[in-house]
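If you read the protein sequences in the order shown, they are chains A and B.
Just so we're aligned, residue 1 is where the first sequence starts under my numbering, counting upward by one.
Just so we're aligned, residue 142 is where the second sequence starts under my numbering, counting upward by one.
Where a beta carbon is used, it is the ideal one built from N, C-alpha and C, also for glycine.
Note that this is a predicted model, so its numbers are computed, not measured.
Scroll down for the structure; my scribbles are underneath it.
2 protein chains.
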Amino acid sequence: TKTRAFLETPISDFIIPAEKVAHVLVGNSAEHALLVLTKTGYSQVPVLDTKFRIHGLVSSKMITESILGLERIEYEKLAHIKVDDCMDRNVTYLKIDDTIQRALDLVINHAFLCVVDHEGTFAGILTRRVILKQLKKYIYQ
Amino acid sequence: TKTRAFLETPISDFIIPAEKVAHVLVGNSAEHALLVLTKTGYSQVPVLDTKFRIHGLVSSKMITESILGLERIEYEKLAHIKVDDCMDRNVTYLKIDDTIQRALDLVINHAFLCVVDHEGTFAGILTRRVILKQLKKYIYQ
Ligand SMILES: Nc1ncnc2c1ncn2[C@@H]1O[C@@H]2COP(=O)(O)O[C@H]3[C@@H](O)[C@H](n4cnc5c(N)ncnc54)O[C@@H]3COP(=O)(O)O[C@H]2[C@H]1O
Ligand SMILES: Nc1ncnc2c1ncn2[C@@H]1O[C@@H]2COP(=O)(O)O[C@H]3[C@@H](O)[C@H](n4cnc5c(N)ncnc54)O[C@@H]3COP(=O)(O)O[C@H]2[C@H]1O
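Here's what the structure looks like:
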């Protein structure tokens, strides 16, 4: 059926490849991470190491939260905090050979999903925008 | 057909009502807006006036961008900048009696949409999450 064919479509054609994904490296300062987020305009990006393994996700909210003092936002601390200490280490993954069915379940609660290959290396991301475009095509088929 | 019925479903049942939408008031400082974003955890929220008219959308990225100096992020300016000067005034709307068909077209490029009633007053928001849940139900029907 058209529905079965759609749900069993592999996600591989829809992944934004690793080289196009804005990210921050582990060990970088929270200030550097904030600059990357501001300049790329993305609200949340992966935190990777030099071997392209995923360590977490970081957002402006997580960074600001880490410097929220009792009286004021303690901006002077940003240069001295590592992104490792603000990031969310709980990352939901898709595997490179997963199907749209699996992706659809996960994008309900995640704006984007990190995709890993068979070695567990970061291969790219799958976004809600890409899934929504495919869903619209499917509906109008 | 099942598809026509789905696309012609009014969005009214799926709107997150205005009283549940985190927002910032026009005239507030950028610092206050940043605290609202950090504490509610949302990456972008509407900017409203006391009559519940929408003036724009604001995010941490827009706020940080407004204080990005040549040498450093100029945090001391935050208390003196109004959210009015950082926000994006270009807001895409849905009307309260629009259908899922219209919403589906717009959520491809917007994580959420502001919904207005017949007086042009802010009625709530429609999110990608809600549309994705309805799309999943439709597929599995
Ligand atoms: N530079 C840009 N050009 C055009 N449209 C833009 C854009 N930046 C944001 N948008 C729009 O806003 C949505 C939410 O972006 P956000 O940065 O909050 O959330 C993004 C961001 O956290 C992440 N993301 C997307 N592309 C990325 C990339 N190339 N590198 C790193 N992270 C990315 O995935 C989330 C969902 O992305 P998605 O495309 O579904 O949804 C995006 C897209 O529809
Ligand atoms: N407190 C929370 N509890 C559970 N899940 C959470 C959450 N905060 C964020 N999420 C998850 O992360 C997605 C992206 O949130 P974000 O804040 O970037 O982007 C949000 C935010 O900018 C706005 N938004 C959603 N609910 C809002 C509310 N009650 N007030 C103000 N803005 C809201 O609409 C965008 C899309 O929301 P959507 O629900 O589709 O998608 C949300 C949701 O799946």
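Residue i beta carbon near ligand 2 (any heavy atom closer than 8 Å)
| i | result |
| --- | --- |
| residue 181 of chain B | yes |
| residue 155 of chain B | no |
| residue 133 of chain A | no |
| residue 161 of chain B | yes |
| residue 266 of chain B | yes |
| residue 164 of chain B | yes |
Proximity to residue i [Cα-Cα], best of the options
| i | options | result |
| --- | --- | --- |
| residue 243 of chain B | B:170, B:224 and B:267 | B:267 |
| residue 217 of chain B | B:223, B:224 and B:208 | B:208 |
| residue 202 of chain B | B:163, B:178, B:253 and B:194 | B:178 |
| residue 171 of chain B | B:282, B:205, B:194 and B:280 | B:205 |
| residue 91 of chain A | A:55, A:82 and A:78 | A:55 |
| residue 228 of chain B | B:260, B:181, B:169 and B:159 | B:169 |
| residue 41 of chain A | A:23, A:80, A:81 and A:120 | A:23 |
| residue 117 of chain A | A:32, A:78 and A:93 | A:93 |
| residue 253 of chain B | B:191, B:221 and B:200 | B:200 |
| residue 277 of chain B | A:121, A:109, A:13 and A:18 | A:109 |
| residue 53 of chain A | A:128, A:122, A:129 and A:78 | A:122 |
| residue 153 of chain B | B:236, B:185 and B:210 | B:236 |
| residue 128 of chain A | A:119, A:120 and A:104 | A:104 |
| residue 158 of chain B | B:275, B:187, B:180 and B:230 | B:187 |
| residue 212 of chain B | A:89, A:32 and A:5 | A:32 |
| residue 89 of chain A | A:44, A:119 and A:50 | A:44 |
| residue 39 of chain A | B:220, B:210, B:219 and B:146 | B:210 |
| residue 261 of chain B | B:219, B:145 and B:192 | B:192 |
In DSSP terms, what residue i is bridged to
| i | result |
| --- | --- |
| residue 82 of chain A | A:29 |
| residue 226 of chain A | Limits of chain A in this structure are 1 at one end and 141 at the other, which puts residue 226 of chain A out of reach. |
| residue 185 of chain B | B:200 |
| residue 35 of chain A | Paired residue(s): none; residue 35 of chain A is not in a bridge. |
| residue 236 of chain B | B:257 |
| residue 241 of chain B | None, per the DSSP bridge assignment. |
Cross-chain neighbours of residue i in chain A, by beta carbon under 7 Å
| i | result |
| --- | --- |
| residue 233 of chain B | The premise fails here: residue 233 of chain B is roughly 15 Å from chain A at the closest Cβ pair, so nothing lies under 7 Å. |
| residue 144 of chain B | 139 |
| residue 224 of chain B | The contacting residues do not exist; residue 224 of chain B stays about 15 Å from chain A at best. |
| residue 209 of chain B | 38 |
9 Å Cβ cutoff met for residue i and residue j
| i | j | result |
| --- | --- | --- |
| residue 239 of chain B | residue 151 of chain B | yes |
| residue 2 of chain A | residue 124 of chain A | no |
| residue 279 of chain B | residue 139 of chain A | yes |
| residue 25 of chain A | residue 57 of chain A | no |
| residue 248 of chain B | residue 156 of chain B | no |
| residue 272 of chain B | residue 7 of chain A | no |
| residue 214 of chain B | residue 34 of chain A | yes |
Contacts that residue i makes with chain A (C-beta to C-beta distance below 8 Å)
| i | result |
| --- | --- |
| residue 206 of chain B | 38 |
| residue 252 of chain B | 111 and 128 |
| residue 277 of chain B | 104, 105 and 108 |
| residue 175 of chain B | 64 and 73 |
Residue i beta carbon near ligand 1 (any heavy atom closer than 8 Å)
| i | result |
| --- | --- |
| residue 109 of chain A | no |
| residue 122 of chain A | no |
| residue 128 of chain A | yes |
| residue 112 of chain A | yes |
| residue 185 of chain B | yes |
| residue 55 of chain A | no |
| residue 32 of chain A | no |
Under 8 Å from the C-beta of residue i: neighbouring residues of chain B
| i | result |
| --- | --- |
| residue 77 of chain A | Simply none; closest approach about 11 Å. |
| residue 43 of chain A | 184, 185, 200, 201 and 202 |
| residue 133 of chain A | 249 |
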